[in-house]
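*Asks:* Have a look at the structure that comes next, please.
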Amino acid sequence: MGDASTILSIILYGAYYIAMGVLAILSLFGVFLLAAHGRSRVLSLLVSLVYIFFFLTMLGTTEAMLHSIA
Amino acid sequence: MRRLFPSQQDNETIFLVVREHWFFLLLRLLIVVFLFAMLLAFQDFGPGIVPGLFQGVPGRVVGLFSQLYVMMLVLGVFLIWVFYYLNIQIITNLRIVDIDQRGLFHRRISELHIDKIEDVTSEATGAFATMFQFGNVYVQTAGTVERFVFERVPSPERIEKVVLDLYERRPAAPPAP
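As given, the protein sequences belong to chains U and C, one line each in that order. FYI, in this note's numbering the residues of the first sequence are 1105 to 1174. FYI, in this note's numbering the residues of the second sequence are 100 to 276.
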């Protein structure tokens, strides 16, 4: 039983961090793209901030869910 | 002064900045809404069909992956908006500039000088195009086979008129020596 839960933990943590890494990299490139080429700086900053807020909030709850499982 | 495109000159007047019609932004967002509705349906009907999947540890794993799925959808909405916002066509008194953001790592900028224009055509095909007034504008240039295309833009007739007016008002070319 201990072995099964260890394997589950490894799979879950692995899948989670790969998914989060991809999400974070794509998000960062999206934000950089907006900052570099956005016509209106205020609008670009506002959209980026709203998105980062959502992303971090969901990251927190997802991380908590992961720790409650594995 | 913040320039809209890298080669913008100080004496260049911008007449029109065109983006894809909002209808296509809405269509893409509706796809995301549909994918979100699929998740809600899965969570709503799933326990009735496969009860074991939603209880105990498997239930929490499903919850975790549902959360990841929602994060991907939020990222999808963000990137849809970024591409919509960064894909623009600019009409100035000197040229037409097409800024094409095809992906996160693929950006293409093409320019066409107003005096190279030979023919401008606008087209609106289909019921939605007629209803919401969007369509394509084709600008044929001298000496090139490829046409400059404004795809799925709002009010194509207005854009065609602006381009033609600018062509008529272009500065006269200096006489040949």
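Glycine included, each C-beta is placed from N, C-alpha and C at the ideal position.
(1) Give the residues from the segment 140 to 169 of chain C that approach chain U closer than 9 Å (Cβ to any Cβ), ordered along the chain.
(2) Closer than 8 Å by beta-carbon distance: list the chain A residues that pair up with U/PHE1133, in chain order.
(3) Would you kindly report the start and end of the unbroken beta strand (DSSP E) that includes C/LEU211?
(4) Taking all protein chains shown into account, do 16 or more other C-beta atoms lie within 10 angstroms of the C-beta of C/PRO157, making it buried, or fewer, making it exposed?
(5) Run through chain C and tell me which residues come within less than 8 Å of U/PHE1158, C-beta to C-beta.
(6) Quick one: is C/PHE177 near chain U, going by C-beta distance under 8 Å?
(7) I need the boundaries of the alpha helix (DSSP H) containing U/ARG1092, first residue and last residue.
(8) If you count every other CB in all the chains shown that lies within 10 Å of the CB of U/LEU1147, and 16 or more means buried, which is it?
(9) Please confirm if U/ALA1139 has its CB atom under 8 Å from at least one CB of chain C.
(10) Which residues in chain C sit within 9 Å of U/ILE1173, going by Cβ to Cβ distance?
(11) For a cutoff of 8 Å on Cβ pairs, would you count C/TYR184 as touching chain U?
(12) Are the CB atoms of U/SER1131 and C/LEU174 within a distance shorter than 8 Å?
(13) With DSSP as the reference, label C/GLY234 as helix, strand or coil.
(14) Where do the N-terminal and C-terminal ends of the alpha helix (DSSP H) with C/LEU138 fall, by residue?
(15) Identify, in the order they occur along the chain, each residue of the same chain with its Cβ nearer than 7 Å to the Cβ of C/ASN192, setting aside the five sequence neighbours on each side.
(16) If you follow the alpha helix (DSSP H) that C/GLN166 is part of, which residue opens it and which one closes it?
(17) Taking only beta-carbon atoms, is U/GLY1103 less than 8 Å away from chain C?
(18) Identify, in the order they occur along the chain, each residue of the same chain with its Cβ nearer than 6 Å to the Cβ of C/VAL116, setting aside the five sequence neighbours on each side.
(19) By the three-class DSSP mapping on this structure, what secondary structure does C/ASP109 have?
*Replies:* The short version:
(1) VAL156, ARG159, VAL160, GLY162, LEU163, PHE164, GLN166, LEU167, VAL169
(2) Structure shown: chain A not included; protein chains present are U and C.
(3) 205 to 212
(4) exposed
(5) VAL173
(6) yes
(7) The question about residue 1092 of chain U has no answer, for chain U in this structure spans 1105 to 1174.
(8) exposed
(9) no
(10) Under the 9 Å cutoff, chain C gives VAL156, ARG159, VAL160, GLY162, LEU163.
(11) yes
(12) Taking C-beta atoms as the reference points, C/LEU174 and U/SER1131 count as a pair closer than 8 Å.
(13) strand
(14) 121 to 148
(15) GLU111, THR112, PHE114, LEU265
(16) 155 to 185
(17) Within the shown structure, residues of chain U are numbered from 1105 to 1174, placing residue 1103 of chain U beyond reach of any answer.
(18) ILE187, ILE189
(19) coil
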